[in-house]
Amino acid sequence: MKDVVALAGRVALIVVVCCALVSCRDEQKAATPPAASVPAPPAPSKRQQLLNTEVRALYITSWTAGISRFQTLTDMVSRSHLNAVVIDVKDSTGKVGYDSKVPLVAQTGAYEKRIRDLDAILRQCRDKKIYTIARIAVFQDPNLAKARPDLAVSGGGQKVWKDRKGLAWVDPASKTVWDYNLAIAKEVAAKGFDEIQFDYVRFPTDGKLKTMTYPVYKRDVPKYEIIRRFFQYVDEQMKPVDVMTSADIFGLTTMVDDDMNIGQRIQDVADHVDFVCPMIYPSHYPRGHLGLKNPAEHPYRVIYDACLRGMKRLEGKRAKMRPWLQDFKLGAVYDKKMVLDQIQAARDAKVFGFSMWNARNVYTDAAYLEKLPEPNPAPPLREQVLEDIRKHDTARLAMQNRSTSVKQEKPSIHKPRRKAKGN
47 MKDVVALAGR VALIVVVCCA LVSCRDEQKA ATPPAASVPA PPAPSKRQQL LNTEVRALYI
107 TSWTAGISRF QTLTDMVSRS HLNAVVIDVK DSTGKVGYDS KVPLVAQTGA YEKRIRDLDA
167 ILRQCRDKKI YTIARIAVFQ DPNLAKARPD LAVSGGGQKV WKDRKGLAWV DPASKTVWDY
227 NLAIAKEVAA KGFDEIQFDY VRFPTDGKLK TMTYPVYKRD VPKYEIIRRF FQYVDEQMKP
287 VDVMTSADIF GLTTMVDDDM NIGQRIQDVA DHVDFVCPMI YPSHYPRGHL GLKNPAEHPY
347 RVIYDACLRG MKRLEGKRAK MRPWLQDFKL GAVYDKKMVL DQIQAARDAK VFGFSMWNAR
407 NVYTDAAYLE KLPEPNPAPP LREQVLEDIR KHDTARLAMQ NRSTSVKQEK PSIHKPRRKA
467 KGN
């Protein structure tokens, strides 16, 4: 009996101790504040997600985008090594191909019913995982020039100046023109385009250029400075918009140092957009370029050289290079091999994607249904092109030094003193 009592006492003691420990632990829990919850990192923006997308695109007019052929082309894109389309929303006639709500579009009669349902074709592209680029032609704008001659380039005894093709331009320095195009850019970005591409951002290249007068532009300001200011403004205005930006520029900007009297220099654009898109069509280079009798017949050589030169000029810049390549017959017959040679050259130069141009949207499908060419780790022309670039840079530096030296050493010219009379 005593043993039972003793055992019961020990059990009771253990229970008391355990209760005390539990109570103490509960008090500690109550006294310890809950751990602060760590906020989840913000979801990456659409732009951040797209920044490293290597775009391989086809150009599509607003007319094509409004008919059943658009579906045929996007079906081909989704089955090929391509992944994107460039769609005109405002082309070089100044016509806006979708039902825009931008006030100046209605005021100037810019809307022309081409794309019946822009939202539907964007939805179709999203369903096919196709990256979408809205192309906007900026300063070649016959429609705006006609409706608003106060914004137009004028001259030659005419109210509105026209180039050799009979097309009118608006003043590249006009902020009203800038805001008009940016309003369209913001509107289509809100509809869901992944990227906005600005084309015809330059001064006119042909026609009676000496007769031109501008309502805003003053000739004492370099043309390249006007174009630089435009892209700086684009950067400021589009920064809050969750969309990529790009600029189409002349192919020669990858190799010449001046602005060619049209205001385009690759370095002035490259700090203000995500992609620069030089139009390096082999058929557009003159006879003798790179020592070639007909550059159009040598697509790999021309494209590789232009891409490598462009990449060197973009070192340390924000923009990546995505060139326009040729899929049309000019200077030579561009078949599957000629198209693939260009793509191979672009990939060998390690540019960031490419876009294919055909003004009629008639493409060499077989070239795109092939496997995407792999970059050559040791392109045969690389050292030759790099040596040409080094020679060019050395010659340019020597010329700059000579120019500086001549300015410093040039003596002041004074009229000779008259001799004093009498002696």
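Under the working numbering, the first residue of the sequence shown is numbered 47, with each subsequent residue one higher. Glycine included, every Cβ here is placed at the ideal spot set by N, Cα and C. Every value quoted in this text rests on a predicted model; they were computed, and no experiment measured them.
When beta bridges are read from the DSSP output, Val267 appears opposite no residue.
Taking C-alpha positions only, Ala191 is separated from Ala214 by approximately 6 angstroms. In its chain, beyond the 5 residues on either side, Pro324, Ala352, Arg355, Gly356 have a beta carbon closer than 6 angstroms to the beta carbon of Thr300.
Counting only unbroken stretches of 4 or more residues, the alpha helix (DSSP H) elements lying wholly within the segment 212-254 are 221-237, in sequence order. By the 16-neighbour rule on beta-carbons within 10 angstroms, Arg359 is buried.
Cβ-Cβ distances below 8 angstroms link Glu233 to Ser146, Lys147, Val148 in the same chain, with the five nearest sequence neighbours on each side left out; the list follows chain order. Closest by C-alpha distance to Arg275, out of Val287, Leu298, Val302, Ala219, is Ala219. In the DSSP assignment, Ala180 is bridged to Ile133, Ile242.
Residue nearest to Val289 within the set Ala89, Phe239, Asp245, Pro425 is Phe239 (criterion: CA-CA distance). A distance below 7 angstroms between beta-carbons, with the five flanking residues on each side excluded, links Asn447 to no residue of its chain.
Counting along the chain, Ala413 sits inside the alpha helix (DSSP H) bounded by residues 411-415. Within the DSSP secondary-structure output, Ala152 pairs in no beta bridge. The Cβ atoms of Leu336 and Val280 do not sit closer than 9 angstroms to each other. In this structure Ser200 is buried. Its beta-carbon is surrounded by 16 or more other beta-carbon atoms within 10 angstroms.
In the three-state reduction of the DSSP assignment, Pro324 falls in the strand class. A straight line joining the alpha-carbon of Ser329 with that of Val84 spans about 59 angstroms. Boundaries for Leu190: no beta strand (DSSP E) harbours it, while the alpha helix (DSSP H) harbouring it runs 188-193, taken from the DSSP string. Close CB contacts of Asn404 within its chain, under the 6 angstroms cut and outside five residues either way in sequence, are with Asp373, Phe374 (chain order).
Counting only unbroken stretches of 4 or more residues, the alpha helix (DSSP H) elements lying wholly within the segment 343-377 are 345-359, in sequence order. Of the other Cβ atoms in all chains shown, fewer than 16 fall within 10 Å of the Cβ of Ser114; this residue is therefore exposed. Between His127 and Leu371, the CB-CB gap reaches or exceeds 9 angstroms. Judged by DSSP secondary structure, Trp403 falls outside any alpha helix (DSSP H) and instead within the beta strand (DSSP E) spanning 400-403. The distance from the Cβ of Ala183 to that of Asp245 is about 5 angstroms, consistent with a contact at the 8 angstroms cut-off. Going by beta carbons, Val322 and Ile308 fall outside the 9 angstroms limit. One Cα belongs to Ile242, the other to Gln278, and the distance between them is close to 15 angstroms.
Apart from the 5 residues on each side of it in sequence, Arg364 sits with its Cβ closer than 6 angstroms to the Cβ of Asp317 in its chain, given in chain order. Within a 10 Å sphere around the beta-carbon of Thr110 sit 16 or more other beta-carbons, which makes this residue buried.
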